[in-house]
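Residue numbers (the working numbering): 102 to 335.
Each residue gets a CB set at the ideal place from its N, CA and C atoms; glycine is no exception.
Computed from a predicted structure; not experimentally measured.
Reading through the structure tokens given below for one structure.
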Amino acid sequence: MRPFLALLGLWMGCGDPGEAPQGVDYRPPGTDEPQTGERGTVKISEVLWSGSVNGEDVWDPTDVFIEVRNEGNFPVNLSGWHIVQEGSLEHTYVFPTTELRLDVGAHAFIAAKTSGCFPEPDFVIPELQFRTGDPFELTLLDVDEHLIEPAGSESAPPFAGGYDGVRSRSMEKVEMMFGGQGTDPHSWHYYTPANVDVPNNDRVAEDCRGNTHASPGRPNSPDYSGAFAAGSLE
Numbered sequence: 102m103r104p105f106l107a108l109l110g111l112w113m114g115c116g117d118p119g120e121a122p123q124g125v126d127y128r129p130p131g132t133d134e135p136q137t138g139e140r141g142t143v144k145i146s147e148v149l150w151s152g153s154v155n156g157e158d159v160w161d162p163t164d165v166f167i168e169v170r171n172e173g174n175f176p177v178n179l180s181g182w183h184i185v186q187e188g189s190l191e192h193t194y195v196f197p198t199t200e201l202r203l204d205v206g207a208h209a210f211i212a213a214k215t216s217g218c219f220p221e222p223d224f225v226i227p228e229l230q231f232r233t234g235d236p237f238e239l240t241l242l243d244v245d246e247h248l249i250e251p252a253g254s255e256s257a258p259p260f261a262g263g264y265d266g267v268r269s270r271s272m273e274k275v276e277m278m279f280g281g282q283g284t285d286p287h288s289w290h291y292y293t294p295a296n297v298d299v300p301n302n303d304r305v306a307e308d309c310r311g312n313t314h315a316s317p318g319r320p321n322s323p324d325y326s327g328a329f330a331a332g333s334l335e
């Protein structure tokens, strides 16, 4: 028994291991530093990958944007956040430094330029591009590269949107009450014009609205059921 007791005493005398190290370190909101986020609190909510069409019916495949929506519980500053693009193109886009704090429930969009159909984006990233109709997956990361939200597929065609030779339509996230993963095709639909008194395409240049169907920086249009919110608790 003595050898066993000696080993037991040695094991019990190893000392307090201390507090377990934290795996993820978040920067709190309300500070002057760039902010981190939590998974799923900011969503990629719309992608116009197919370019714009102006009032003279000229298609510009380089005039593209990505929209995000804050579904968290506090405003967030997106300075230094990343969007990683995979698929037929591979690139990492970094949000420029800004004082903008995206309010809870608000939308912001990143455009490739201001000289096309989207003259007043919240962010401009000139490198932003898509190969029309080719697969893409976009992964949103915060400033410390924590995973926030993936959208699309790096191997499948875009889930919605496109250019039919006359009009270009964006790929919009169905604004579900629950669920709605960005990597699920059924979470997305084509932009559909909403018959409402207040348009949600007022950040599209006026002469482009007839043939560029998108809602940058605004709530998404209804899905084909006519609903703005759907989903279940599952």
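Handout entry: Exposed unless 16 or more other CB atoms sit within 10 angstroms - verdict on Gly206
Key = exposed
Problem - Length-filtered (3 minimum) beta strand (DSSP E) runs lying within the region 176–202 - result: 183–188, 192–195
Handout entry: Rounded separation between Phe166 and Arg310 - CA only
Key = 15 Å
Handout entry: Three-state secondary structure (DSSP) of Pro251
Key = strand
Practice task
Could you pull the start and end residues of the beta strand (DSSP E) that Arg170 belongs to?
Solution key: Residues 166–171.
Problem - Backbone CA spacing between Asp158 and Glu273 [nearest angstrom] - result: 23 Å
Practice task
Find the nearest neighbour of Ser153 within the set Leu190, Gly181, Asn321, Pro317, judged by alpha-carbon distance.
Solution key: Residue nearest to Ser153 within the set Leu190, Gly181, Asn321, Pro317 is Pro317 (criterion: CA-CA distance).
Exercise for the section: Pull up the distance between the alpha-carbon of His314 and that of Ser271, whole angstroms please. Expected result: 6 Å
Handout entry: DSSP three-state assignment for Glu246, whether helix, strand or coil
Key = In this structure, DSSP gives Glu246 a state outside helix and strand, which the three-state scheme calls coil.
Problem - Residue environment, Ala257, which counts as buried when at least 16 other CB atoms sit within 10 Å - result: exposed
Exercise for the section: Check whether the Cβ atoms of Leu179 and Thr199 sit closer than 8 Å, and answer yes or no. Expected result: Yes, Cβ-Cβ distance for Leu179 and Thr199 is below 8 Å.
Handout entry: Length of the line joining the Cα atoms of Thr240 and Leu190
Key = 13 Å
Practice task
State the CB to CB distance for the pair Val195 and His183, rounded to an integer number of angstroms; the pair is presumed to be in contact (CB under 8 Å).
Solution key: Between His183 and Val195 the Cβ distance is about 6 Å, and since that is below 8 Å, they are a contact.
Problem - Distance, Glu246 Cα to Ser322 Cα - result: Roughly 31 Å between the two C-alpha positions.
Exercise for the section: Would you mind sorting Glu221 into buried or exposed? The rule is 16 or more other CB atoms within 10 Å of its CB. Expected result: By the 10 Å Cβ count, Glu221 comes out exposed.
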